[in-house]
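The listed protein sequences correspond, in order, to chains A and B. What the first sequence shows, in the numbering used here, is residues 1 to 242, in sequence order. What the second sequence shows, in the numbering used here, is residues 243 to 511, in sequence order. The C-beta atom is built at its ideal place from N, Cα and C for all residues, glycine as well. Note that the structure is a prediction, hence the values are computed from the model and not measured.
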Amino acid sequence: MTRQSETTEAALEIKGRMMTLTVMRLLSPSVDALGRAVESRMQEAPEFFRQLPVILDVEAVAESDLHLDLPGFVGLLRAQELLPVGIRGGDERWQAAAEQAGIGVFAGGSEVPASRRSEAPAPAAPEGTPSTVITQQVRSGQQVYARGGDLIILSSVSPGAEVLADGHIHIYGGLHGRALAGVRGDDTARVFCMDFHAELVTVAGTYRVSEQFDEASLGQAVQVFLDGGDLRIEPLPGLGGK
Amino acid sequence: MAKTVVVTSGKGGVGKTTTSAALATGLARQGHRTAVVDFDVGLRNLDLVMGCERRVVYDFVNVINGDATLNQALIRDKRVEGLYVLAASQTRDKDALTQDGVERVMTELSEQFDYVICDSPAGIERGALMAMYHADDAIVVTNPEVSSVRDSDRVLGILASKSRRAEQGDEPVREHLLLTRYSPERVNKGEMLSLEDVGEILAIDLLGVIPESQAVLNASNAGVPVILESESDAGQAYDDAVARFLGEQRPLRFTDVPRKGFFGRLFGS
Chain A
1 MTRQSETTEA
11 ALEIKGRMMT
21 LTVMRLLSPS
31 VDALGRAVES
41 RMQEAPEFFR
51 QLPVILDVEA
61 VAESDLHLDL
71 PGFVGLLRAQ
81 ELLPVGIRGG
91 DERWQAAAEQ
101 AGIGVFAGGS
111 EVPASRRSEA
121 PAPAAPEGTP
131 STVITQQVRS
141 GQQVYARGGD
151 LIILSSVSPG
161 AEVLADGHIH
171 IYGGLHGRAL
181 AGVRGDDTAR
191 VFCMDFHAEL
201 VTVAGTYRVS
211 EQFDEASLGQ
221 AVQVFLDGGD
231 LRIEPLPGLG
241 GK
Chain B
243 MAKTVVVTSG
253 KGGVGKTTTS
263 AALATGLARQ
273 GHRTAVVDFD
283 VGLRNLDLVM
293 GCERRVVYDF
303 VNVINGDATL
313 NQALIRDKRV
323 EGLYVLAASQ
333 TRDKDALTQD
343 GVERVMTELS
353 EQFDYVICDS
363 PAGIERGALM
373 AMYHADDAIV
383 VTNPEVSSVR
393 DSDRVLGILA
403 SKSRRAEQGD
413 EPVREHLLLT
423 RYSPERVNKG
433 EMLSLEDVGE
443 ILAIDLLGVI
453 PESQAVLNAS
463 NAGVPVILES
473 ESDAGQAYDD
483 AVARFLGEQR
493 PLRFTDVPRK
503 GFFGRLFGS
């Protein structure tokens with residue numbers, strides 16, 4: 001537990017990061033069929049696929065002998081200017097083949113059941129803004145910021161906690177702390193919560209503290225939004241309050 | 243390997259030391275070898291509540307600094323078999339708790355005992371962080387009032403991010419709520435938060451409710467862990483809490499206003 005020496009400057013830093021990666025699910029054990037499919041995909045959207053890092057999901061063909069051809073298939077993808085970075089699924093044979101092909105092995109199989117055949121590799125990184133989902137309670141003194149997107153909280157926000165988002169904030173439990181939506185100026189952002197006891201709410205910088213809340217809104221399912229520069233706290237229409 | 247339990251709260255004066263003493267005594271009484279460690283360096287109290295203040299020769303900081311061995315510093319309880327106290331130093335401050343030193347002592351303790359109870363100081367600074375770092379379980383002691391609940395909430399957040407289990411990505415620390423100084427009469431009058439109010443905000447497993455009781459103060463002054471006062475309401479409530487901690491199911495007691503008899507109603511309380 002010794003701290004990093006402060007006299008030497010760090011030359012590099014290693015960090016875990018969640019990234020969105022395109023997964024290419026292999027559904028046919030035939031290298032020829034796969035090769036043809038890749039080629040036709042590339043022709044559809046060459047700019048999108050060029051140098052795109054992909055993970056090969058081999059779950060559906062794990063039992064076949066395709067692993068013998070994995071290095072060849074990886075070479076084929078590289079020739080098409082795709083960047084295969086690893087495989088997901090498969091047993092030791094597949095892992096050995098991946099090593100031989102010079103790509104990594106990602107833990108965990110596909111979450112999509114094999115029966116639900118998706119036609120194509122994930123066509124694109126998700127358009128629009130990424131959302132952040134929080135399942136645990138946000139406790140006093142903690143701060144959660146969803147940069148560039150929405151914040152979805154499946155539990156409660158405690159008094160003294162602060163949740164912020166560039167987009168909307170959805171809270172499926174109680175809001176007892178502070179919620180700041182549209183912190184980079186999006187005045188269409190809203191705060192939704194199932195049980196309203198906030199200390200403070202803001203949308204795009206327009207704020208209201210609990211002293212100014214209408215008593216009737218407390219304990220209700222509400223939404224908070226800007227209406228021509230005026231911050232409004234209204235019962236959620238679908239729920240008619242609670 | 244011992245199970246390491248931190249008794250913590252954030253706020254001071256809510257009953258951490260009383261709880262540490264009662265829990266350790268209760269576990270030892272059930273036949274588990276138990277050590278209770280005072281992390282409140284500079285404000286040594288646990289030895290008073292355990293009634294061994296006149297037998298402290300070496301303390302936690304002495305062991306960390308290598309001035310004494312762990313076995314020289316552990317004080318054996320005279321009432322309950324298998325119960326040992328490691329006192330804090332009164333003359334030093336929390337900076338004496340080095341990360342390596344605490345880790346070494348905790349490792350050595352966990353080889354010898356079934357349970358190691360860490361009595362955390364108030365606050366969220368060094369002493370408290372050291373006390374919670376090695377925990378497998380945390381007992382969060384809370385009084386039914388808003389400031390205590392908020393501080394407990396803060397501590398729960400810190401446990402989820404700064405404990406060893408959190409840093410190493412292991413299964414999170416198991417969190418238990420112990421509500422102390424609970425007075426059903428005052429809850430009914432709206433002067434205190436109810437069990438439900440506290441439960442809703444903290445949203446963790448409830449280990450027990452200890453009623454506000456004169457027995458706690460009397461026992462502390464006499465240097466007897468209150469759990470040994472088996473006639474008292476607080477003693478029985480702690481006994482229930484220890485049983486629940488060990489996996490037994492017991493109904494909650496002392497959470498309703500006792501019904502008064504005829505004469506009680508006639509003459510008021």
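Would you check if the distance between the CB atom of residue i and the CB atom of residue j is smaller than 8 Å?
i: B:Leu328; j: B:Val283; result: no
i: B:Ile381; j: B:Val468; result: no
i: B:Thr422; j: B:Val383; result: yes
i: A:Val191; j: A:Gln223; result: yes
i: B:Lys258; j: B:Thr267; result: no
i: A:Leu175; j: A:His197; result: yes
i: B:Ala315; j: B:Val322; result: no
i: B:Val391; j: B:Ser405; result: no
i: B:Gly477; j: B:Gly293; result: no
i: A:Ala60; j: A:Asp91; result: no
i: B:Ala457; j: B:Asp475; result: yes
i: A:Ala181; j: A:Val157; result: no
i: A:Val314; j: A:Leu68; result: Nothing in the structure corresponds to residue 314 of chain A, since chain A is present only between 1 and 242.
I'd like to know whether the C-beta of residue i is nearer than 8 Å to at least one C-beta of chain A.
i: B:Asp482; result: no
i: B:Ala476; result: no
i: B:Gly399; result: yes
i: B:Leu312; result: no
I'd like to know if residue i contacts chain B, where contact means its C-beta is closer than 8 Å to some C-beta of that chain.
i: A:Gly160; result: yes
i: A:Gly148; result: no
i: A:Gly141; result: yes
i: A:His176; result: yes
i: A:Gln4; result: For A:Gln4, the predicted model reports a pLDDT of 47, less than 50, meaning its position is unreliable; a value from the coordinates is still stated below. It does not; no Cβ of chain B falls within 8 Å.
i: A:Lys15; result: no
Mapping DSSP to helix, strand and coil, what is residue i?
i: B:Gln456; result: helix
i: B:Gln410; result: coil
i: B:Val298; result: coil
i: B:Val283; result: coil
i: A:His67; result: helix
i: B:Phe355; result: coil
i: B:Thr333; result: coil
i: B:Ala277; result: strand
i: B:Asp498; result: coil
i: A:Phe225; result: strand
i: A:Gln143; result: strand
i: B:Gly441; result: helix
i: B:Pro493; result: coil
i: B:Glu350; result: helix
i: B:Met374; result: helix
i: A:Leu151; result: strand
i: B:Pro426; result: helix
i: B:Ala364; result: coil
i: A:Arg78; result: helix
i: B:Lys404; result: helix
i: A:Arg232; result: strand
i: B:Pro467; result: coil
i: B:Thr261; result: helix
i: A:Asp32; result: helix
Just to check my reading of the structure: residue i and residue j have Cβ atoms closer than 8 Å, yes? What is that Cβ distance to the nearest angstrom?
i: A:Glu81; j: A:Gln51; result: 6 Å
i: A:Gly177; j: A:Gly205; result: The Cβ separation is near 18 Å, so there is no contact.
i: B:Asp393; j: B:Gly252; result: 3 Å
i: A:Gly86; j: A:Val105; result: 6 Å
i: B:Gln332; j: B:Arg296; result: Not a contact, Cβ separation roughly 13 Å.
i: A:Leu154; j: A:Thr132; result: About 12 Å; that fails the 8 Å criterion.
i: A:Arg139; j: B:Asp439; result: About 16 Å separates the two Cβ atoms, so there is no contact after all.
Starting from the beta carbon of residue i, find every residue of chain A whose beta carbon is closer than 8 Å, and list them in chain order.
i: B:Arg396; result: Arg139, Ser140, Gly141, Gly160
i: B:Arg392; result: Ser140, Ser158, Pro159, Gly160
Under 9 Å between beta-carbons, which chain B residues line up against residue i? List them in chain order, please.
i: A:Ser156; result: Glu442, Ile443, Ala445
Would a check of beta-carbon distances place residue i closer than 8 Å to chain D?
i: B:Arg368; result: The chain inventory of the structure shown lacks chain D, comprising the protein chains A and B.
Below 9 Å on C-beta distance, what does residue i contact in chain A?
i: B:Arg492; result: Those do not exist, as B:Arg492 stays about 26 Å from chain A at its closest Cβ, beyond 9 Å.
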